[in-house]
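Asks: For the sequence shown, my numbering begins at 9 and goes up steadily by one. From the three backbone atoms N, C-alpha and C, an ideal C-beta is built for every residue, glycine too.
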Amino acid sequence: MTPAHLMQAIDTQLAHVWMVRAFLKHSEEAADDDELAEVHRELYDYMLALGGPLKENNADDYLRLARKKLARLKRARESFARIQPEISQHTNFQMALLSLTAAVAEVVRLLDAGAQTSEAAERNSSEP
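Have a look at this one:
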């Protein structure tokens, strides 16, 4: 997968993250819970960091930042998984967690696959 294709595949997953973020941000529960508000802010910060390189169609910068900020995205997912049962048992919150978990797992998978592809290309280009 080329860096440009990888960037687009990751951004497709971030569309799902955006919808979870929007749901959380506009929920009544977010107004009452600082930890939940922090989750939607962390999700936003991750996507905001990638917005510039995406607009510029700069796949190398996009992927570099996606890897650099990945811990923030994973931390937001982990926080939401921890607090979701306390916040609400409503199906919407359960589905939001499932959706966020799947999207984050796919972003991780894509970044790992992209790193392996880059390493293989570097090895092949350095062989005589």
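1. At a cut of 8 Å, does the region 90-99 reach the region 61-73 through at least three beta carbon pairs?
2. Which value, in whole angstroms, describes the spacing of the CA atoms of T10 and N100?
3. In whole angstroms, what separates the C-alpha of D41 from that of K82?
4. Hey, would you say A89 sits closer than 9 Å to L105, going by beta carbons?
5. Helix or strand or just coil, what does DSSP make of Q97?
6. Suppose the cutoff is 7 Å on Cβ atoms and the five residues either side in sequence are ignored; what does the same chain contact list for A12 look like?
7. Hey, quick one: how far does the alpha helix (DSSP H) through M27 stretch, first residue to last?
8. L14 to L119, Cα distance in whole Å?
9. What are the complete beta strand (DSSP E) segments, minimum 3 residues, inside the region 62-117?
10. What does the alpha-carbon distance come out to for the pair A74 and Q97?
11. Buried or exposed for R186, going by 16 or more other Cβ atoms inside 10 Å?
12. At which residues does the alpha helix (DSSP H) containing I41 begin and terminate?
Replies: With the structure as the only source:
1. no
2. 36 Å
3. 20 Å
4. yes
5. coil
6. A67
7. 11-33
8. 8 Å
9. none
10. 31 Å
11. With the chain covering only 9 through 136, there is no way to say anything about residue 186.
12. It should be pointed out that residue 41 corresponds to Asp in this sequence rather than to Ile. First-last for D41: undefined, no H or E at that position.
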